[in-house]
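The numbering used here applies: residue 724 is where the sequence shown begins, and numbers increase by one.
Beta carbons: idealized from backbone N, C-alpha and C, even for Gly.
A short write-up of the structure that comes next.
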Amino acid sequence: MSKQQVKPSRSFASDNNAGVHPQIIKAIAAANDGHVIAYGDDPYTARAIKLFREHLGKDANVFFVFGGTGANVLGLKAATESHHAIVCAETAHINVDECGAPEKFTGCKLLSLSTPDGKVKVDQIKPLLHEVGFEHHVQPRVISVSQATEMGTVYTPRELKVLANFAHDNNMLLHVDGARIANAAASLNVKLKEITKDAGVDILSFGGAKNGMMYGEAVVFFDQSLARDFKYTRKQGTHLPSKMRFISAQFEALLSNDLWRRNAEHANQMAQLLARELRKIPQTRITQKVEANGVFAIVPKKYIARLQKEYFFYVWNEETSEVRFMTSFDTTEADIADFVGLVKKTVR
Ligand SMILES: Cc1ncc(COP(=O)(O)O)c(C=O)c1O
724 MSKQQVKPSR
734 SFASDNNAGV
744 HPQIIKAIAA
754 ANDGHVIAYG
764 DDPYTARAIK
774 LFREHLGKDA
784 NVFFVFGGTG
794 ANVLGLKAAT
804 ESHHAIVCAE
814 TAHINVDECG
824 APEKFTGCKL
834 LSLSTPDGKV
844 KVDQIKPLLH
854 EVGFEHHVQP
864 RVISVSQATE
874 MGTVYTPREL
884 KVLANFAHDN
894 NMLLHVDGAR
904 IANAAASLNV
914 KLKEITKDAG
924 VDILSFGGAK
934 NGMMYGEAVV
944 FFDQSLARDF
954 KYTRKQGTHL
964 PSKMRFISAQ
974 FEALLSNDLW
984 RRNAEHANQM
994 AQLLARELRK
1004 IPQTRITQKV
1014 EANGVFAIVP
1024 KKYIARLQKE
1034 YFFYVWNEET
1044 SEVRFMTSFD
1054 TTEADIADFV
1064 GLVKKTVR
């Protein structure tokens, strides 16, 4: 191996650090055949949208974009005006990891709620509605939740329905940041439609990259009126991919033969295995329910740097020494055995 070559390795830093599933690579290569009309007027995009509708219902209005931040920002923009507010968890990606893009592009204020498990509850939102109609205050318009959450937890269909009903009773909409929607559906053992359309979700960012795609996400509206001008919003928001067929072909592969579910199930199972093994090590403590592909744990500070050298992962909370381990479609049992062995050796 030359000096320039990087040793193939895996980490627990992020499901975005994983490569691309071989079937997705195959789909990209197969789509690389001749010319088709650019910007989505092609057979790959038509077939991918048809598949989305099979999974999410025939009313799904589907738009492909490059990435997850773009999906969130533009989906939210379609539903808001700048005097509105978007209610979300303090830990929400839109609140902490999008460099203020939702505020910049929607003009809305984000009202963030403290949520120990990453899940927003109706009782927390109620006090924010006291000033509805009062011109001195922003007007809550969207509840945005992440499914699975940034804390590795999952909303049940019932919990989503409660949020959706509350939103609709109060002239609001429910947005789901579904960067890990597949992990949530696999965890709950439900169809994608049961935690989106059937649960009353209005706007969905549907993730691809964290579940084996190279890049590409979808914005889905379940209400035609929200989708009406979205083609302009997407273009103005710089997320209209010219060679759209290569995103569409990936989604076609992901949504066929249950690849989306198999990838997500595997990642979730690897998180369960990692958590089971870490629970046997008294120096570490799991801090969240492990419901998707994230494991949160307290690991004494003095050991972290050493562990990170071999298997990189992020410290979630410096103060409490809580770290986050993410598993992905390509995490293996051997990776986990190796890492757990390293933890045991390090804390001994
Ligand atoms: C919950 C959540 N939403 C959205 C995203 C999308 O981010 P990106 O813009 O990097 O694709 C991420 C990525 O880390 C995420 O974790």
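Reference residue i; option with closest CA among the options
i        : options                               : result
Asp-925  : Gly-901, Tyr-938, Ala-909             : Gly-901
Val-899  : Ile-970, Val-1018, Ala-802            : Ala-802
Ala-950  : Gly-742, Thr-1055, Ala-783            : Ala-783
Ala-998  : Phe-945, Met-1049, Val-913            : Met-1049
Asp-765  : Asn-740, Ser-971, Phe-953             : Ser-971
Lys-1012 : Glu-873, Ile-751, Val-810             : Glu-873
Ala-736  : Val-1046, Gln-746, Gly-790            : Val-1046
Leu-911  : Val-810, Glu-1056, Gln-992            : Gln-992
Pro-1023 : Glu-1041, Ser-732, Leu-836            : Glu-1041
Ile-747  : Ala-741, Phe-953, Met-936             : Met-936
Val-868  : Val-855, Lys-827, Gly-798             : Gly-798
Gln-847  : Thr-1043, Leu-886, Cys-831, Thr-1054  : Leu-886
Phe-828  : Gly-742, Gln-1006, Val-796, Leu-982   : Val-796
Arg-984  : Ala-905, Phe-1062, Ala-750            : Ala-905
Ile-1009 : Ser-928, His-859, Gly-875             : Gly-875
His-891  : His-989, Asp-946, Lys-773             : Asp-946
Lys-773  : Phe-1036, Leu-996, Lys-1025, Ser-979  : Ser-979
Phe-953  : Val-788, Thr-814, Glu-858             : Val-788
Cys-831  : His-860, Trp-1039, Val-1038           : His-860
Gly-1017 : Gly-757, Leu-927, Ala-990             : Ala-990
Pro-839  : Gly-757, Thr-814, Lys-1025            : Thr-814
Leu-982  : Asn-740, Cys-822, Ala-750             : Ala-750
Ala-1060 : Lys-1025, Leu-996, Lys-1032, Trp-1039 : Leu-996
Cβ pair residue i, residue j closer than 9 Å
i        : j        : result
Ala-994  : Ala-909  : no
Leu-852  : Asn-893  : yes
Lys-966  : Ala-771  : no
Gly-841  : Leu-883  : no
Lys-1067 : Ile-1004 : yes
Ala-907  : Ala-1015 : yes
Gly-763  : Leu-963  : yes
His-778  : Lys-914  : yes
Asn-934  : Asp-1058 : no
Val-810  : Ser-835  : yes
Ala-754  : Phe-969  : yes
Phe-775  : Val-759  : no
Ala-941  : Arg-903  : no
Rounded Cβ spacing between residue i and residue j (contact assumed at less than 8 Å)
i        : j        : result
Phe-889  : Val-845  : 5 Å
Tyr-767  : Glu-917  : In fact, because the Cβ distance is near 27 Å, the residues do not count as touching under 8 Å.
Val-943  : Leu-896  : Between Leu-896 and Val-943 the Cβ distance is about 13 Å, and since that is not below 8 Å, they are no contact.
Ala-812  : Thr-792  : With a Cβ gap of about 17 Å, Ala-812 and Thr-792 do not count as contacting.
Gly-939  : Gln-973  : 6 Å
Lys-800  : Thr-956  : 6 Å
Gln-862  : Ala-808  : 6 Å
His-744  : Phe-1052 : 6 Å
Lys-958  : Gly-780  : About 26 Å; that fails the 8 Å criterion.
Tyr-1034 : Ser-805  : With a Cβ gap of about 44 Å, Tyr-1034 and Ser-805 do not count as contacting.
Thr-1043 : Ile-1021 : 6 Å
Val-1070 : Gln-1006 : 4 Å
Leu-1065 : Leu-1030 : 6 Å
Considering only residues of the region 958-1039, which uninterrupted alpha helix (DSSP H) runs meet the minimum length of 4 residues and lie entirely inside it, listed in chain order? 968-977, 982-1002, 1024-1033
Distance cut 5 Å, beta-carbon to ligand 1 heavy atom: residue list by chain order: Gly-790, Gly-791, Thr-792, His-816, Ser-869, Asp-900, Ala-902
In chain order, which beta strand (DSSP E) runs of at least 3 residues are fully inside the region 853-892? DSSP assignment within the region 853-892 yields the following whole beta strand (DSSP E) runs of 3 residues or more, N-terminal first: 862-869.
Runs of alpha helix (DSSP H) lying entirely within the region 911-965, each at least 4 residues, in chain order: 947-950, 953-959
Contiguous alpha helix (DSSP H) assignments of at least 4 residues, all confined to the region 1041-1070: 1056-1070
Uninterrupted alpha helix (DSSP H) stretches inside the region 745-808 (no shorter than 4 residues): 745-754, 766-779, 791-800
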